[in-house]
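Novice: From first to last, the protein sequence lines are chains A and B.
The letter at position 201 of the first sequence is residue 201 when you use this note's numbering, and the numbering goes up by one with no holes.
The letter at position 16 of the second sequence is residue 1016 when you use this note's numbering, and the numbering goes up by one with no holes.
From the three backbone atoms N, C-alpha and C, an ideal C-beta is built for every residue, glycine too.
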Amino acid sequence: MMLEVVSGGPQTTVQDLGRPGYLHTGMPPSGAFDSFSLRVANLLVGNNAGGRYLVGRDPGDAGLEVLLLGCRLQATADHVIAVTGGDLSPTLNDAPLPMWRSILVHPGDMIAFTTPRRGVRAYLAVAGGIDVPPFLGSRATNVRAAVGGIEGRGLKPGDQIQVGTPAKPTSVLVGRSWPEEARPAQGNPWTVRVVLGPQDELFTPESVETFLNVDWKLSPISDRMGCRYIGPKLEFLPRPDYLIEQAGSDPSNIVDDGTPLGGIQVPSGLEPIVMGADVPSFGGYAKIATVISSDIGVVGQGKPGDIVRFRAVSVAEAEEIGLAKEALLTESTVVEV
Amino acid sequence: MLYDHPIYRPLGDMFVDVEFGDELHLALNFRVIGLNLSLTKQPIPGVTETVPSNRALMIAYDSSVVRQAALIDALREREEEATKLRRAPSRLVILPFWYNDPWSDECAKAHGAPNNMDYLAEINNTTVDGVIAAHSGTEWWVTSVGFQPGCYQALSLDPAFSVTAPKYPRPRQWTPERILCLAGKITSFYPVRSPGGYQLLGRTPVDLYDPLQRNEVFRDSPVLPIAGERHRYVPIDENAYKEIRQQVERGDYRYDIEEGEYSLDDYLARLDAVQVGVV
Chain A
1 MMLEVVSGGP QTTVQDLGRP GYLHTGMPPS GAFDSFSLRV ANLLVGNNAG
51 GRYLVGRDPG DAGLEVLLLG CRLQATADHV IAVTGGDLSP TLNDAPLPMW
101 RSILVHPGDM IAFTTPRRGV RAYLAVAGGI DVPPFLGSRA TNVRAAVGGI
151 EGRGLKPGDQ IQVGTPAKPT SVLVGRSWPE EARPAQGNPW TVRVVLGPQD
201 ELFTPESVET FLNVDWKLSP ISDRMGCRYI GPKLEFLPRP DYLIEQAGSD
251 PSNIVDDGTP LGGIQVPSGL EPIVMGADVP SFGGYAKIAT VISSDIGVVG
301 QGKPGDIVRF RAVSVAEAEE IGLAKEALLT ESTVVEV
Chain B
1001 MLYDHPIYRP LGDMFVDVEF GDELHLALNF RVIGLNLSLT KQPIPGVTET
1051 VPSNRALMIA YDSSVVRQAA LIDALREREE EATKLRRAPS RLVILPFWYN
1101 DPWSDECAKA HGAPNNMDYL AEINNTTVDG VIAAHSGTEW WVTSVGFQPG
1151 CYQALSLDPA FSVTAPKYPR PRQWTPERIL CLAGKITSFY PVRSPGGYQL
1201 LGRTPVDLYD PLQRNEVFRD SPVLPIAGER HRYVPIDENA YKEIRQQVER
1251 GDYRYDIEEG EYSLDDYLAR LDAVQVGVV
């Protein structure tokens, strides 16, 4: 029961919903950057879709997070799989592979990700889940810390990915689909909703307005730790002398505090960085806003050059949006086709 | 500035920050630790984890259990408890360091910087031995653990400690693993090879992060340091470094850890005595 890696592409990693609970040790949560899409893929193939990302404690079954194009996998047994997330033009034996539905693959079948059309991260779940040894309760890969997944790294040719035993027979797992209206909105430009703070007060009011009103372009210097956006320089208000001495001479420096997932640092006022799934737990740059939980996955789907617009919402609105999205993730949303 | 009352800052819909002030000060970090202890002893439903930093406690919560507005109300009731904490449990971890080690020297030179200990001695009007004596002559208070697994920040518990230096003007591309470092008032640590800008002090043969969790001190967590503990650094020479490293690699090194507690008032009294500043 396994998938064999013919090519890993630029970065294909084993991911589940990560290892929260260790932020106080500096261990990032990791897990799927677009966790909603991984959970849908797991639901479609009858796996454990896990709890809420980061604030839940059930990492669910592990799948693959596939970045851009080039990943090629060969089945060595009958497997039920589902591909969700970014549309990387997946193929099965060179024919288009339908996304957002469970399909059966046979020994020798080749699954490939060929052209990013929308988004950059696809998720592949396989019935039974990917079976690698958990680290601190999770199978998620953190390449920077070299832990989790397969030897803490991206997949490479020749890797054999072990698959667990499916919960249900193949016949009931095939042909399950996720309705279009329940899929995450995709497209360029992307809208990413934020809650202002914790340090928006350190920026000039004009710069906060600028942040919320211009088109930001995703920089190629972006990864699972952080996504950078190119645009106008943001300015800071003058600081008292004791902070210049203690925090540093750059106007964006603060005395280090906690950095949340989705936090938006703006070092020197240049290129805001949205912290991703491999977020470090603290930092010394002012954070203008925090991306809301439901839109972390949107950040993870941006392609370098894509346009992003940040829109401010209140905490209460963010909570409502997050809970409404969470409510979709049930068996009753699945459509049998 | 130490605020009269903490400021509650939203960090989206998964976290809220309880910020006790904007600067580096033991009294301020003590409140962070105080609130953290309170939440450990008597958890608030919906709080999923907490992250102490120098000056704020970052709290993760599940909005399907508690909304942020209600959580902040519950946290306000803990303010007094956090503010009034005068003694905190604080273990003392004694760690051997080879100050002015050859790897730090090589790293500085590779980045076009002078030997960092020579530089520290020069700008602080002392000698390298003077820097070592001062740095190893004080206990250090770990204010926060993070950035990367096993990295931490610590403040001197000796108000008279004054060795300081700015960060590198341009950060290094790499730093060897297990290096102790300093910038401003902060001592920090590079657990694994990584970029960075702090001045390099020395290297320890001891692991503070072990993802393989080989030694029993890593049984519950792959990271040894915890916020609110104290460190003392013991200077060692090349021979001791090599011997201890062998013990660590064999898995039979015995970490020197004493349970204890620490009094904020003792510190504040000493602070007043040297008159380097007031809260």
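On the DSSP bridge list, what partners appear for serine 138 (chain A)?
Specialist: Against the first sequence, residue 138 (chain A) aligns to sequence position 138. The partner list for serine 138 (chain A) (beta bridge, DSSP) reads A:Phe135.
Novice: Could you tell me whether any Cβ in chain D is nearer than 7 Å to the Cβ of cysteine 1151 (chain B)?
Specialist: Among the chains of the structure shown, chain D does not appear; the protein chains present are A and B.
Novice: Who are the near neighbours of leucine 92 (chain A) in its chain, counting only those whose CB is closer than 7 Å to its CB and skipping five residues on each side?
Specialist: Numbered from its first residue, the first sequence carries residue 92 (chain A) at position 92. Within the same chain, leucine 92 (chain A) has close Cβ partners Val105, Asp109 and Ile111.
Novice: Using three-state DSSP, classify phenylalanine 211 (chain A) as helix, strand or coil.
Specialist: Here residue 211 (chain A) corresponds to residue number 211 of the first sequence, with the count starting at 1. Residue state, collapsed to three classes: helix.
Novice: Please compile the residues from chain A whose C-beta is within a distance smaller than 9 Å of the C-beta of glycine 1251 (chain B).
Specialist: Your numbering for residue 1251 (chain B) matches position 251 in the second sequence. Neighbours of glycine 1251 (chain B) on chain A: none; closest Cβ ~19 Å, over 9 Å.
Novice: Return the first residue and the last residue of the alpha helix (DSSP H) that methionine 1117 (chain B) is part of.
Specialist: For the purposes of this step, residue 1117 (chain B) is identified with residue 117 of the second sequence, where counting begins at 1. Unbroken alpha helix (DSSP H) run through methionine 1117 (chain B): 1116-1123.
Novice: Can you give me the C-alpha to C-alpha distance between valine 1065 (chain B) and proline 1045 (chain B), rounded to a whole angstrom?
Specialist: The residue given as residue 1065 (chain B) occupies position 65 in the second sequence. The residue given as residue 1045 (chain B) occupies position 45 in the second sequence. The alpha-carbon atoms of valine 1065 (chain B) and proline 1045 (chain B) are separated by roughly 7 Å.
Novice: Whole angstroms is fine: what's the gap from alanine 62 (chain A)'s alpha carbon to aspartate 16 (chain A)'s?
Specialist: Within the first sequence, numbered from 1, the residue matching residue 62 (chain A) stands at position 62. Within the first sequence, numbered from 1, the residue matching residue 16 (chain A) stands at position 16. The straight-line gap from Cα to Cα measures roughly 4 Å.
Novice: Inspect the beta-carbon positions of threonine 84 (chain A) and alanine 32 (chain A) and report whether they are closer than 7 Å.
Specialist: Translated into positions along the first sequence, residue 84 (chain A) becomes position 84. Translated into positions along the first sequence, residue 32 (chain A) becomes position 32. No.
Novice: Since isoleucine 1247 (chain B) is in the alpha helix (DSSP H), which residue starts that stretch and which ends it?
Specialist: The residue labelled residue 1247 (chain B) in the question sits at position 247 within the second sequence. In the sequence as presented, isoleucine is not what sits at residue 1247 (chain B); that position holds glutamine. Looking at the DSSP string, the run of the alpha helix (DSSP H) that includes glutamine 1247 (chain B) is 1238-1250.
Novice: Can you tell me which of B:Val1051, B:Pro1010, B:Thr1126 and B:Leu1268 puts its alpha carbon nearest to the alpha carbon of alanine 1227 (chain B)?
Specialist: Walking along the second sequence from the start, residue 1227 (chain B) turns up at place 227. For alanine 1227 (chain B), the nearest C-alpha among the options comes from B:Val1051.
Novice: Kindly examine the ligand GTP and report whether one of its heavy atoms sits closer than 6 Å to the Cβ of lysine 156 (chain A).
Specialist: This structure lacks the ligand GTP; in fact it carries no ligand of any kind.
Novice: Spell out whether any CB of chain A is found under 7 Å from the CB atom of glutamine 1068 (chain B).
Specialist: Position 68 of the second sequence, counted from the start, is the residue given in the question as residue 1068 (chain B). Yes, because at least one Cβ of chain A sits closer than 7 Å to the Cβ of glutamine 1068 (chain B).
Novice: What residues in its chain sit with their C-beta under 7 Å from that of aspartate 1272 (chain B), if we drop five residues either side in the sequence?
Specialist: Against the second sequence, residue 1272 (chain B) aligns to sequence position 272. Correct list: empty, nothing qualifies.
Novice: Helix, strand or coil: how does DSSP classify arginine 1172 (chain B) here?
Specialist: Here residue 1172 (chain B) corresponds to residue number 172 of the second sequence, with the count starting at 1. Arginine 1172 (chain B): strand per DSSP, three-state reduction.
Novice: Roughly how many angstroms separate the alpha carbons of glycine 154 (chain A) and alanine 1074 (chain B), rounded to a whole number?
Specialist: Working through the first sequence from its first residue, we reach residue 154 (chain A) at position 154. Working through the second sequence from its first residue, we reach residue 1074 (chain B) at position 74. Each residue's Cα considered, the two are about 43 Å apart.
Novice: Residues in the same chain with beta-carbon distance under 6 Å from glycine 1034 (chain B), minus the five sequence neighbours each way, listed in chain order, please.
Specialist: Position 34 of the second sequence, counting from 1, holds the residue named residue 1034 (chain B). These residues qualify, in order along the chain: Ala1082 and Leu1085.
Novice: Taking a contact to mean a Cβ-Cβ separation below 7 Å, would you say serine 30 (chain A) touches glycine 18 (chain A) in this structure?
Specialist: Translated into the one-based positions of the first sequence, residue 30 (chain A) becomes position 30. Translated into the one-based positions of the first sequence, residue 18 (chain A) becomes position 18. Yes, they are a contact pair.
Novice: Alpha carbons only, please: which of A:Gly129, A:Tyr123, A:Pro10 and A:Ala122 is nearest the one belonging to glycine 46 (chain A)?
Specialist: Here the question's residue 46 (chain A) lines up with position 46 in the first sequence. Here the closest residue by C-alpha is A:Gly129.
Novice: Applying a beta-carbon distance threshold of less than 8 Å, which residues of chain A neighbour glutamine 1227 (chain B)?
Specialist: Here residue 1227 (chain B) is taken as the residue at index 227 of the second sequence, counted from 1. The amino acid at residue 1227 (chain B) is misidentified as glutamine; the sequence shows alanine. Near alanine 1227 (chain B) (Cβ distances below 8 Å), the residues of chain A are His24.
Novice: Taking DSSP as the reference, what is the three-state secondary structure of arginine 1031 (chain B)?
Specialist: For the purposes of this step, residue 1031 (chain B) is taken as the residue at position 31 of the second sequence. Arginine 1031 (chain B): helix per DSSP, three-state reduction.
Novice: Can you pull the chain B neighbours of alanine 49 (chain A), defined as C-beta to C-beta under 9 Å?
Specialist: Indexing the first sequence from 1 puts residue 49 (chain A) at position 49. By Cβ distance, chain B contributes nothing, its closest Cβ being about 15 Å from alanine 49 (chain A), past 9 Å.
Novice: Find the nearest neighbour of asparagine 1115 (chain B) within the set B:Asn1124, B:Thr1126 and B:Pro1102, judged by alpha-carbon distance.
Specialist: The residue given as residue 1115 (chain B) occupies position 115 in the second sequence. Residue B:Pro1102 is the option with its Cα nearest to asparagine 1115 (chain B).
Novice: Using the C-alpha atoms, what's the distance from threonine 1048 (chain B) back to glycine 21 (chain A)?
Specialist: By 1-based counting over the first sequence, the position of residue 21 (chain A) is 21. By 1-based counting over the second sequence, the position of residue 1048 (chain B) is 48. Roughly 7 Å between the two C-alpha positions.
Novice: Ends of the alpha helix (DSSP H) at cysteine 71 (chain A)?
Specialist: Counting from one through the first sequence, the residue named residue 71 (chain A) turns up at place 71. No alpha helix (DSSP H) contains cysteine 71 (chain A), which is instead part of the beta strand (DSSP E) from 71-75.
Novice: Just the Cα atoms here: how many angstroms apart are serine 222 (chain A) and arginine 309 (chain A)?
Specialist: Within the first sequence, the letter at position 222 stands for residue 222 (chain A). Within the first sequence, the letter at position 309 stands for residue 309 (chain A). So the two alpha carbons sit approximately 17 Å from each other.
Novice: How would you label lysine 287 (chain A), buried or exposed, when you count the other beta carbons within 10 angstroms and need 16 or more for buried?
Specialist: Within the first sequence, the letter at position 287 stands for residue 287 (chain A). Label assigned to lysine 287 (chain A): buried.
Novice: Nearest chain B C-beta to valine 255 (chain A) closer than 7 Å, yes or no?
Specialist: Position 255 of the first sequence, counted from the start, is the residue given in the question as residue 255 (chain A). Cβ-Cβ to chain B under 7 Å: yes for valine 255 (chain A).
Novice: Is the distance from the Cβ of aspartate 306 (chain A) to the Cβ of asparagine 188 (chain A) below 7 Å?
Specialist: As a first step, residue 306 (chain A) must be located in the first sequence, where it is residue number 306. As a first step, residue 188 (chain A) must be located in the first sequence, where it is residue number 188. Yes. Within cutoff.
Novice: Counting only Cβ pairs nearer than 7 Å, list the residues of chain B close to phenylalanine 282 (chain A).
Specialist: As a working note, residue 282 (chain A) is residue 282 in the first sequence. Under the 7 Å cutoff, chain B gives Ser1053, Ser1144, Gly1146 and Phe1147.
Novice: Please report the Cβ distance between proline 179 (chain A) and threonine 333 (chain A), rounded to the nearest whole angstrom; I am assuming they are in contact, meaning their Cβ atoms lie under 8 Å.
Specialist: As a working note, residue 179 (chain A) is residue 179 in the first sequence. As a working note, residue 333 (chain A) is residue 333 in the first sequence. At roughly 7 Å, the Cβ-Cβ gap stays under 8 Å, so proline 179 (chain A) and threonine 333 (chain A) are in contact.
Novice: Taking arginine 1009 (chain B) as the reference, give the member of B:Leu1002, B:Glu1019 and B:Met1001 with the closest Cα.
Specialist: By one-based count along the second sequence, residue 1009 (chain B) stands at place 9. Comparing Cα positions, the closest option is B:Glu1019.
Novice: At the level of alpha carbons, what is the spacing between tyrosine 242 (chain A) and arginine 1250 (chain B)?
Specialist: The sequence position of residue 242 (chain A) within the first sequence is 242, counting from 1. The sequence position of residue 1250 (chain B) within the second sequence is 250, counting from 1. Rounded to whole angstroms, tyrosine 242 (chain A) to arginine 1250 (chain B) spans 47 Å at the Cα level.
Novice: Between valine 1223 (chain B) and chain A, is any beta-carbon pair separated by less than 7 Å?
Specialist: In the second sequence, counting from the first residue as 1, residue 1223 (chain B) sits at position 223. Closer than 7 Å to some Cβ of chain A, the Cβ of valine 1223 (chain B) qualifies, so yes.
Novice: Do glutamine 1153 (chain B) and threonine 1143 (chain B) come within 7 Å of each other at the CB atom, strictly closer than that value?
Specialist: The residue given as residue 1143 (chain B) occupies position 143 in the second sequence. The residue given as residue 1153 (chain B) occupies position 153 in the second sequence. Against a cut-off of 7 Å, the Cβ pair of glutamine 1153 (chain B) and threonine 1143 (chain B) comes out as a contact.
Novice: Are the CB atoms of isoleucine 1244 (chain B) and proline 1089 (chain B) nearer to each other than 7 Å?
Specialist: Along the second sequence, one-based indexing puts residue 1244 (chain B) at 244. Along the second sequence, one-based indexing puts residue 1089 (chain B) at 89. Against a cut-off of 7 Å, the Cβ pair of proline 1089 (chain B) and isoleucine 1244 (chain B) comes out as no contact.
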